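*Asks:*
Residue numbers (full-length UniProt numbering): 1 to 217.
#1: Hey, how far is the Cα of residue 57 from the Cα of residue 66?
#2: Would you check if the distance between the CB atom of residue 43 and the CB atom of residue 55 is smaller than 8 Å?
#3: Going by DSSP in three states, residue 130 sits in which element: helix, strand or coil?
#4: Taking only three categories from DSSP, how would you classify residue 166?
#5: Mind checking whether residue 48 and residue 79 have CB atoms under 8 Å apart?
#6: With a 10 Å radius around its C-beta and 16 neighbouring C-beta atoms as the bar for buried, classify residue 51 as buried or exposed.
#7: Is it buried or exposed, residue 88, if we count other Cβ atoms within 10 angstroms and call 16 or more buried?
#8: Roughly how many whole angstroms lie between the Cα atoms of residue 132 and residue 165?
#9: Specify the secondary structure class of residue 65 as computed by DSSP and reduced to three states.
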């Protein structure tokens, strides 16, 4: 986090590019029109060539290894710092200034698709994933449809049985025996039995029963 914050607080490119214009009087407007990526690459390449030449001359003329090794080490550190600092691939436009060291930390809406071109393998892999997901959905739908069809068949058979039982004729049903009942009628005042007869249930369903009715087996 500290490294990210420190590099985000630094300018996008080295400070020598933002020096006053009088230092670049011989270069003039050409320097301002040059994108920072090209400018930094040119400066790093020039410094690297100069240091390598000086190290080679010192090693050949003086036969002293310490100073050339030190210069070569400086060259390696310079190239490493520049490679980490800037994006060596040319940007689409010169106005783009988000290619610098740890530039991902400054972009809240970072997406890998914005900076990587989709390859054919990635497209094929995505198509295979989509096809597998569609097949899983199709299998789930087929399973649900099979369950619904099975439940529908069960309900259909039950409904058909109920309809057939309701549509059966009245005479086809078994007749139930109707027991005869002996009824005696007595006078409320004297309690004497006046008459006794047998009748079938339902014969006097619509008439009201007289007072003092009783049953006798």
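By construction, the Cβ of each residue, glycine as well, lies at the ideal position given by its N, Cα and C atoms.
Keep in mind the model is a prediction, meaning the values are calculated, not measured.
*Replies:* In brief:
#1: Sequence index remark: in the chain shown, residue 57 carries index 57 (1-based). Sequence index remark: in the chain shown, residue 66 carries index 66 (1-based). Each residue's alpha carbon lies about 13 Å from the other.
#2: Along the chain shown, read from residue 1 onward, the residue named residue 43 stands at position 43. Along the chain shown, read from residue 1 onward, the residue named residue 55 stands at position 55. Cβ atoms of residue 43 and residue 55: not closer than 8 Å.
#3: Counting from one through the chain shown, the residue named residue 130 turns up at place 130. Note: residue 130 maps to helix in three-state DSSP.
#4: For the purposes of this step, residue 166 is taken as residue 166 along the chain shown, with counting starting at 1. Residue 166: helix per DSSP, three-state reduction.
#5: In the chain shown, the residue the question calls residue 48 occupies position 48. In the chain shown, the residue the question calls residue 79 occupies position 79. Yes, Cβ-Cβ distance for residue 48 and residue 79 is below 8 Å.
#6: As a first step, residue 51 must be located in the chain shown, where it is residue number 51. The residue is buried, with at least 16 neighbouring Cβ atoms inside 10 Å.
#7: Residue numbering aside, residue 88 sits at position 88 when the chain shown is read from its first letter. At residue 88 the pLDDT is 46, less than 50, meaning the model places this residue with poor confidence and gives no usable figure here.
#8: For the purposes of this step, residue 132 is taken as residue 132 along the chain shown, with counting starting at 1. For the purposes of this step, residue 165 is taken as residue 165 along the chain shown, with counting starting at 1. Straight-line Cα distance between these residues: approximately 50 Å.
#9: Here the question's residue 65 lines up with position 65 in the chain shown. Residue state, collapsed to three classes: coil.
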